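Residue numbers for the sequence shown follow the numbering used here, beginning at 31 and rising by one.
Following: one structure in structure tokens, then a few remarks.
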Amino acid sequence: MFKIMPIYIMLFVLFTSITAACDSTKNDEGEEYIVSLIDVIKSDLLNVNGIDVQFADGNKMSITDSKTIQDIILRIKSIRLRETKSKGVGYLYFLDLKEGDKTYRFDSSLTFDGKTYEAIDDSVKELNDFIIKIGKDKIPGLLPGVEDSQG
Numbered sequence: 031m032f033k034i035m036p037i038y039i040m041l042f043v044l045f046t047s048i049t050a051a052c053d054s055t056k057n058d059e060g061e062e063y064i065v066s067l068i069d070v071i072k073s074d075l076l077n078v079n080g081i082d083v084q085f086a087d088g089n090k091m092s093i094t095d096s097k098t099i100q101d102i103i104l105r106i107k108s109i110r111l112r113e114t115k116s117k118g119v120g121y122l123y124f125l126d127l128k129e130g131d132k133t134y135r136f137d138s139s140l141t142f143d144g145k146t147y148e149a150i151d152d153s154v155k156e157l158n159d160f161i162i163k164i165g166k167d168k169i170p171g172l173l174p175g176v177e178d179s180q181g
């Protein structure tokens, strides 16, 4: 019986690897499309002059401080994504990035124009932690039970 267990473990690992790989979009050569968030929203976000945040618990905040806006934009620009067929289970917040007369909506579940994406690294987690920290500093009791990774 103990000799059979490693085979089951190996089959389980192989199965989960294959199903995870099948969940993303691939090009004709079978390679995953990796895109930047900037490419997905089709803006370089150079002229964002305000950000409105709505948290999942209904709280809202506006960000107009240029340094904070640039800190957020810098984090957004570092996000690299791949399209996935999985749907998010909800959101912590969404951001309305205001650039002149245009508004770009970014939500923590990474859904844009009906397509869902997943980050290929921890850049979204870092952005989420940053937004939650700013929110908790400004709004006492924000998102009870949700902690950023620093505390």
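Each residue gets a CB set at the ideal place from its N, CA and C atoms; glycine is no exception.
Given the structure is predicted, the values throughout are model-derived calculations rather than measurements.
**Asked** What are the start and end residues of the alpha helix (DSSP H) that includes I150?
**Response** As a first step, residue 150 is located in the sequence shown; it is residue number 120 there, counting from the start. Taken as a continuous stretch (DSSP letters only), I150 belongs to no alpha helix (DSSP H), as it is neither H nor E.
**Asked** Any idea if D69 is buried or exposed, counting beta-carbon neighbours within 10 angstroms, 16 or more meaning buried?
**Response** One-based indexing of the sequence shown puts residue 69 at position 39. So D69 counts as exposed.
**Asked** Can you list the alpha helix (DSSP H) stretches of 4 or more residues lying completely in the segment 79 to 111, in chain order?
**Response** Taken in chain order, the unbroken stretches of alpha helix (DSSP H) that lie wholly in the segment 79 to 111 and span 4 residues or more are 96 to 107.
**Asked** Any chance the segment 72 to 84 sits against the segment 99 to 106, with 3 or more Cβ pairs inside 8 angstroms?
**Response** Verdict: yes, contact present.
**Prompt:** Is the Cβ-Cβ distance between L172 and D74 less than 8 angstroms?
**Reply:** Taking the sequence shown and counting its residues from 1, one reaches residue 172 at position 142. Taking the sequence shown and counting its residues from 1, one reaches residue 74 at position 44. 8 angstroms or more divides the Cβ of L172 from the Cβ of D74.
**Request:** Determine, using beta carbons only, whether I93 and S66 come nearer to each other than 8 angstroms.
**Result:** Walking along the sequence shown from the start, residue 93 turns up at place 63. Walking along the sequence shown from the start, residue 66 turns up at place 36. Between I93 and S66, the C-beta gap is not smaller than 8 angstroms, which leaves the two residues out of contact.
**Request:** Look up F136 in the DSSP assignment and give the residues it is bridged to.
**Result:** The sequence position of residue 136 within the sequence shown is 106, counting from 1. Beta-bridge pairing links F136 to L125.
**Request:** For the alpha helix (DSSP H) holding I64, just list the boundary residues, first then last.
**Result:** The residue you call residue 64 lines up with position 34 of the sequence shown. Here I64 belongs to no alpha helix (DSSP H), and DSSP marks it neither H nor E.
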